[in-house]
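Visitor: Numbering (numbering that gives the first Met the number 0), first residue to last: 0 to 99. C-beta: ideal position from N, C-alpha, C; glycine also. Note that the structure is predicted; figures quoted are calculated from it, not measured.
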Amino acid sequence: MPYDFFLSRYNQAYTCETAAFCESLVNKTEVPVPGSDGLIALMMALAADRSAAENRWVSMSEIVKTVTHCTSILQNQVGAALHSLGVTGSSVNEEEKKEL
0 MPYDFFLSRY NQAYTCETAA FCESLVNKTE VPVPGSDGLI ALMMALAADR
50 SAAENRWVSM SEIVKTVTHC TSILQNQVGA ALHSLGVTGS SVNEEEKKEL
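(1) Assign V63 to buried or exposed, taking buried as 16 or more other Cβ atoms, counted over all protein chains shown, within 10 Å of its Cβ.
(2) State buried or exposed for A46, treating a residue as buried only when at least 16 other CB atoms are found within 10 Å of its CB.
(3) Taking the alpha carbon of E16 as the reference point, which residue from V32, T28 and R49 has its own alpha carbon closest?
(4) Where N10 and N26 are concerned, what is the direct C-alpha to C-alpha distance, given to the nearest angstrom?
(5) Am I right that S35 and A80 are in contact with their C-beta atoms under 8 Å? What's the rounded C-beta distance?
(6) If you draw a straight line from the C-alpha of E53 to the C-alpha of S60, how long is it?
(7) Enumerate in chain order the residues of its own chain whose CB-to-CB distance from V30 is below 7 Å, with the five nearest sequence positions on each side excluded.
(8) The alpha helix (DSSP H) with D48 in it runs from where to where?
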């Protein structure tokens, strides 16, 4: 796959999303795509990368623990979003929350 595959293929989408984000900043309105969506996309990419590198299935809960020192509110938002998408293995139990 070429290095710039996604930028070439999805250039118009990136341009529109960036313009909408800037417009929301200028107009002080809600952004069209919340930060939690971006965090979920990042976690999915990190899970895919780890899965390829280690040749195994990687659960989202493994990635949640390594991404950042998320607040429990953010963990709950991410968990709820992943659950709504039907992603399993994404919950963070109480013991794991203490580690964060």
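Guide: With the structure as the only source:
(1) Translated into the one-based positions of the sequence shown, residue 63 becomes position 64. It counts as buried.
(2) For the purposes of this step, residue 46 is identified with residue 47 of the sequence shown, where counting begins at 1. Residue burial is scored here from C-beta neighbours: A46 has at least 16 other C-beta atoms within 10 angstroms and is therefore classed as buried.
(3) Looking up residue 16 in the sequence shown gives position 17. That would be V32, whose Cα lies nearest to the Cα of E16.
(4) Residue 10 sits at position 11 when you count from the first residue of the sequence shown. Residue 26 sits at position 27 when you count from the first residue of the sequence shown. Rounded to whole angstroms, N10 to N26 spans 24 Å at the Cα level.
(5) Translated into positions along the sequence shown, residue 35 becomes position 36. Translated into positions along the sequence shown, residue 80 becomes position 81. The Cβ separation is near 6 Å, so the contact holds.
(6) Position 54 of the sequence shown holds residue 53. Position 61 of the sequence shown holds residue 60. Rounded to the nearest angstrom, the two C-alpha atoms are 16 Å apart.
(7) For the purposes of this step, residue 30 is identified with residue 31 of the sequence shown, where counting begins at 1. These residues qualify, in order along the chain: F20 and S23.
(8) Your numbering for residue 48 matches position 49 in the sequence shown. Counting along the chain, the alpha helix (DSSP H) containing D48 begins and ends at G34 to E53.
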